[in-house]
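Residue numbering for the sequence shown follows the working numbering, beginning at 1170 and increasing consecutively.
First up is the structure itself, then whatever we jot down about it.
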Amino acid sequence: MTVTEEIKGRLDLVDIVSESVSLRRSGRNYAGFCPFHQNTRTPSFFVFPETQTWRCFGACAEGGDLFSFVMKKEGWEFKEALKNMADRAGVTLEEAEPVNKERQKAHNKQAGLLQAATDYFHQLFLYAPQAEDARQYVARRSLHEETIEHFALGFALDSWDACRSHFNMQGYSDQELLAAGLLTENPDKGTKYDRFRNRLMIPIRDVDGRIVGFGARTLEKDGIPKYLNSPQTDLFDKSHLLYGLDSAKRAIREERQAVIVEGYMDVMQAWQAGFRNVVAQMGTALTEEQLRMLKRYTKQFILALDADAAGAKATLRSLQVARETLDREMEVKFDAHGLVHQEGRLQADIRVITMPAGKDPDNIIQENPEDWPKLVAQAKPVVAYVISVATADLDMSDAKAKTAVAQQVLPLIKDIQDPIERDHYWQLLARTLHIDERALRQIRLPEKPQRTVRREETAVPAKKQAGQPAHLGWATVPKKPRPTTGPIATDMRQADFLHQSVRMPQVILRVNQKLQESGQQQVTDDDFLLAEDRAIMRQMYHLIATSSVVTIDELWDSLEQTLQNRLKFLLTLPQSPETELERISDTLVLSVLDWRLAKVRQLLGEVKHLLHEAKIEGDTEALAIYNQQLRELPLAVLQLNKARDAMSATSRRRAEDALNGRY
Ligand SMILES: [Zn+2]
1170 MTVTEEIKGR LDLVDIVSES VSLRRSGRNY AGFCPFHQNT RTPSFFVFPE
1220 TQTWRCFGAC AEGGDLFSFV MKKEGWEFKE ALKNMADRAG VTLEEAEPVN
1270 KERQKAHNKQ AGLLQAATDY FHQLFLYAPQ AEDARQYVAR RSLHEETIEH
1320 FALGFALDSW DACRSHFNMQ GYSDQELLAA GLLTENPDKG TKYDRFRNRL
1370 MIPIRDVDGR IVGFGARTLE KDGIPKYLNS PQTDLFDKSH LLYGLDSAKR
1420 AIREERQAVI VEGYMDVMQA WQAGFRNVVA QMGTALTEEQ LRMLKRYTKQ
1470 FILALDADAA GAKATLRSLQ VARETLDREM EVKFDAHGLV HQEGRLQADI
1520 RVITMPAGKD PDNIIQENPE DWPKLVAQAK PVVAYVISVA TADLDMSDAK
1570 AKTAVAQQVL PLIKDIQDPI ERDHYWQLLA RTLHIDERAL RQIRLPEKPQ
1620 RTVRREETAV PAKKQAGQPA HLGWATVPKK PRPTTGPIAT DMRQADFLHQ
1670 SVRMPQVILR VNQKLQESGQ QQVTDDDFLL AEDRAIMRQM YHLIATSSVV
1720 TIDELWDSLE QTLQNRLKFL LTLPQSPETE LERISDTLVL SVLDWRLAKV
1770 RQLLGEVKHL LHEAKIEGDT EALAIYNQQL RELPLAVLQL NKARDAMSAT
1820 SRRRAEDALN GRY
């Protein structure tokens, strides 16, 4: 996650906008008078809380995110906007550090290595005779070809040095293999050997889809450990990662709900069955960092826990489940107190479901996929869940047992921040225990458990270090092309565009010429989704205007830390196979037209939806604006399509000419 994304995750655009614009609700969204153009008649300015974006449907026809709003409103440069918003969100920005080219080079190489290792293991899985057990294991889990491809499953040979010599031959040193976690060193003897041997390899990606490490399952019957992970590095930090989030984030946003499971296999199985809003924690208790990451997409989290993990921790009673039957890396801690705190602090809605004894989501979805949504729908709020588990087999005639349950649950209730909710659970607990609420309130609690955080502490937003530069710099690119629609694809296309432009600045001018020839606007910073990308594009234009030759070093030196981190990532992207200016610019023009088309189409979809809401609400002002948009947007689509067709014809012709040696 980039720093700007982290900041956006912590602030609410609606709050920020309402400080200067008076907003009224319009369906699920907010409307007001646009602060950027003269208007007093119709409120044409909209804020969409779900996507955390804004748009003016009036004269200025602009839109964007939190950063573009404050930059426009306050007239700030990116740097000022970043500083102000970071302060406000409680995110610490790093001081710019002197450029360490050597280190940067090492990071880029490592990113390449992790991707190459993923490909290497994947090819072995698909074709090596020695991978038969791995293939059979996966077949037993009924994973299909498409799923295997999507998660890029791999196989590590049963050898102490196969991986090492393969990558040594490719020019990677042992030191680099160690740093990437592919080799292990025996500290006594100083010998180095392959870390992963005879294991099913599960590549782990960060939220942006970059490979950061591996989970590796043993293929031996009693192999220990069952799961072996990449070692902890600043890149691979399990408390900052959720397995599957890169491919689940869209569904999470659409379904407004994230289901958090315990194992890799659960995620794969769910994905295969079409339940795409599922991610896995990797053997750690859910951290605030993970929840903050998820909160960018939804406020409702559902924890799908194995029966014993939740039961034992919540009630201190053993549920007698054979845990060995479950395919788990390690036990996930259920920390009810922690969850209640996080829920209050993040204003989130955290719910819990448990699997039937001895089952995990993997089995359930494999056996009866239709049971899964039913289970998810039964999720209970954390405190209600703890009450129900704690009182499940309680003997209501045993007063001492009832007091013990009350003593266990009450601290949890007292920690709830919302007074109405707190009251609700007092009543619920009293009812469930068949005692008078006043009696319940008189129960003395034993010494306060250490876990309980004092109220003052919970009220202060947790300050946190901004993302480490190394994390952002170590990027890899998925082997398969991204899906061709939607925000992810656009994001990657724009990254690629910037990457090519940075390496070959003259390409920007050529692209702009071509765009103008086909009646389209030049590329501007507003074209880009990410605040970082917009700032880099602006800086590129600035440099092009002021110096005759723009070098990467020059750009680098003119950027501050946050943007340098982004640039580092951009430079790890694969270089275009094309070397010739005309062909590169053709491709980039197509790319610009594609992302503009995606944007207009998305907007069109949004407007249709808004129109529908406005009809229901009988909001005539909004209706007029949306109807106007419904007339204009299709025209834009038409023009973009025309330009796109013309451009693909040109670029095809050029490619054919090149093939025939005529160019
Ligand atoms: Zn406006």
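Each residue gets a CB set at the ideal place from its N, CA and C atoms; glycine is no exception.
{"Query": "When burial is assigned at 16 or more other CB atoms within 10 Å of the CB, is N1532 buried or exposed?", "Result": "buried"}
{"Query": "Can you tell me the Cα-Cα spacing of D1592 and S1566, whole angstroms?", "Result": "25 Å"}
{"Query": "Is there contact between the region 1240 to 1251 and the region 1698 to 1713, where contact requires at least three CB pairs shorter than 8 Å?", "Result": "yes"}
{"Query": "Would you say L1369 and A1385 are within 8 Å of each other, going by their C-beta atoms?", "Result": "yes"}
{"Query": "Would you kindly report the start and end of the unbroken alpha helix (DSSP H) that includes A1348?", "Result": "1343 to 1348"}
{"Query": "For A1805, which residues in the same chain have their Cβ closer than 7 Å to its Cβ, ignoring the five residues on either side in sequence?", "Result": "V1769"}
{"Query": "Could you tell me whether the Cβ atoms of A1321 and T1353 are closer together than 8 Å?", "Result": "no"}
{"Query": "Would you say C1225 touches ligand 1, meaning its beta carbon is less than 7 Å from a heavy atom?", "Result": "yes"}
{"Query": "Which residues in the same chain have their Cβ closer than 6 Å to the Cβ of R1662, if we skip the five residues on either side of it in sequence?", "Result": "S1760, W1764"}
{"Query": "Would you please state the rounded distance, in angstroms, between the beta carbons of L1772 and A1783? I believe it to be under 8 Å.", "Result": "That belief does not hold up - the Cβ atoms of L1772 and A1783 are roughly 16 Å apart, past 8 Å."}
{"Query": "Helix, strand or coil for I1393, going by three-state DSSP, please let me know.", "Result": "coil"}
{"Query": "What do you reckon, are the CB atoms on F1294 and A1300 nearer than 8 Å?", "Result": "yes"}
{"Query": "Apart from the five residues just before and just after P1550, which ones in its own chain have a Cβ nearer than 7 Å to its Cβ?", "Result": "R1520"}
{"Query": "Whose CA, out of S1195, R1607, N1355, K1737, lies closest to the CA of K1274?", "Result": "K1737"}
{"Query": "Looking at the structure shown, is D1181 part of a helix, part of a strand, or coil, going by DSSP?", "Result": "coil"}
{"Query": "Under the criterion of a Cβ to heavy atom distance below 7 Å, does F1205 qualify as lining ligand 2?", "Result": "This structure lacks ligand 2; the ligands present are ligand 1."}
{"Query": "Looking at the unbroken beta strand (DSSP E) that takes in F1217, where does it start and where does it end?", "Result": "1214 to 1217"}
{"Query": "Taking the alpha-carbon of K1583 as reference, which of T1560, L1609, T1523, V1376 has the nearest alpha-carbon?", "Result": "L1609"}
{"Query": "On the criterion of 16 or more Cβ atoms from any shown chain inside 10 Å, does D1826 qualify as buried, or is it exposed?", "Result": "exposed"}
{"Query": "Determine the extent of the beta strand (DSSP E) in which A1714 is found, giving its start and end residues.", "Result": "No beta strand (DSSP E) holds A1714; the alpha helix (DSSP H) holding it covers 1700 to 1715."}
{"Query": "At 4 residues or longer, and completely inside the region 1546 to 1630: list those alpha helix (DSSP H) runs for me, N to C.", "Result": "1551 to 1559, 1568 to 1583, 1588 to 1601, 1606 to 1610, 1624 to 1628"}
{"Query": "Quick check on W1223: does DSSP put it in helix, strand or coil?", "Result": "strand"}
{"Query": "Rounded to whole angstroms, what is the Cα-Cα separation between V1430 and T1211?", "Result": "47 Å"}
{"Query": "Taking just the CA atoms, how far does T1819 sit from N1829?", "Result": "15 Å"}
{"Query": "For R1374, I'd like the list of residues in its chain whose CB is within less than 6 Å of its CB, leaving aside the five on either flank, ordered along the chain.", "Result": "I1380, D1415"}
{"Query": "I need the boundaries of the beta strand (DSSP E) containing Q1469, first residue and last residue.", "Result": "1469 to 1474"}
{"Query": "Using the Cα positions of P1746 and M1816, report the straight-line distance between them to the nearest angstrom.", "Result": "19 Å"}
{"Query": "Sort Q1798, E1315, L1740, G1774 by Cα distance to K1278 and report the nearest one.", "Result": "L1740"}
{"Query": "Enumerate in chain order the residues of its own chain whose CB-to-CB distance from M1673 is below 8 Å, with the five nearest sequence positions on each side excluded.", "Result": "L1750, I1753"}
{"Query": "At a cut-off of 7 Å, would you count A1200 as near ligand 1, judging by its Cβ distance to the nearest heavy atom?", "Result": "no"}
{"Query": "With distances taken Cα to Cα, identify the nearest neighbour of P1743 among L1667, C1203, E1231.", "Result": "L1667"}
{"Query": "Taking 8 Å as the cut-off, does the region 1338 to 1352 touch the region 1302 to 1318 (at least 3 CB pairs, one atom from each stretch)?", "Result": "no"}
{"Query": "Could you check if Q1207 is buried or exposed, using at least 16 other CB atoms within 10 Å of its CB as the buried criterion?", "Result": "exposed"}
{"Query": "Within a Cβ cutoff of 8 Å, which residues of the same chain sit near L1449, ignoring the five residues on either side of it in sequence?", "Result": "This sequence places Ala at residue 1449; Leu is not what is there. Excluding sequence neighbours, A1449 sits near L1411, Y1412, G1413, I1429, V1430, E1431, G1432, Y1433, D1435, V1436."}
{"Query": "Measure from the alpha carbon of L1346 to the alpha carbon of each residue in K1361, M1254, N1355, then state which is nearest.", "Result": "K1361"}
{"Query": "In three-state terms, what does DSSP make of K1274?", "Result": "helix"}
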